[in-house]
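Going by my numbering, the letters in the sequence shown line up with residues 702 to 816, in that order.
Beta carbons: idealized from backbone N, C-alpha and C, even for Gly.
The structure displayed is predicted, hence computed values, not measured ones.
Shown next, in structure tokens, is the structure this report addresses.
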Amino acid sequence: MASGDQQYLVCETCGHGTLPPRQLCPACGSTELTQEPLSERGEILSFTEISVTIPKFHGETPYTVVLAELDEGVSLTGQLRDATPDDIAIGDKVVLGTEPHDNETALITFQQAED
């Protein structure tokens, strides 16, 4: 995801989509999995505000983490950007993104979708 090339796996046997990548389909056990492009749009399933965090994110609190189901049916968690918990609700539309966090990792992020 860090490269901006978001992919997920789809089972050729049952059609189940999955993230993170696996060697077996969690729905049917098939090994016939193909990579497909992941859309950038989804819907908030849940969210929480983080006030105490690990040292890697020290100084960034508070921040909001959302669990979003993307259009393909796979779910991801990421930090919400440019909004607070007071600005969002379960069911709101979001857009997936990534941003560099340090020299080694990219951070999965979401922003409110402009419909």
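Same chain, Cβ closer than 6 Å to residue i, neighbours up to 5 away in sequence not counted
| i | result |
| --- | --- |
| E770 | G743, E744, L746 and S776 |
| H717 | C726 and A728 |
| H802 | L808 |
Residue i versus residue j - alpha carbon distance
| i | j | result |
| --- | --- | --- |
| A807 | V711 | 24 Å |
| P675 | N804 | There is no way to answer for residue 675, as the model of the chain reaches only from 702 to 816. |
| L739 | Q707 | 5 Å |
| P763 | E750 | 7 Å |
| G792 | A814 | 12 Å |
| T735 | D772 | 17 Å |
| V753 | L720 | 27 Å |
| P722 | T765 | 25 Å |
| T732 | G774 | 20 Å |
| G779 | D787 | 17 Å |
Proximity test, Cβ basis, 8 Å: residue i and chain E
| i | result |
| --- | --- |
| D788 | Protein chains in the displayed structure number just one, and chain E is not present. |
Beta bridge counterpart(s) of residue i as assigned by DSSP
| i | result |
| --- | --- |
| E744 | E770 and K794 |
| A807 | P801 |
| L720 | L720 pairs with nothing; no bridge assigned. |
Close-in-space but distant-in-sequence residues of the same chain around residue i (CB under 7 Å, 5 per side omitted)
| i | result |
| --- | --- |
| Q812 | R782, D783, V795, V796 and G798 |
Nearest-angstrom beta carbon gap, residue j and residue i [assumed within contact, 8 Å]
| i | j | result |
| --- | --- | --- |
| I789 | F758 | Wrong, their Cβ atoms sit about 20 Å apart, outside the cutoff. |
Residue burial classification, residue i (beta-carbon count within 10 angstroms, cutoff 16)
| i | result |
| --- | --- |
| V767 | buried |
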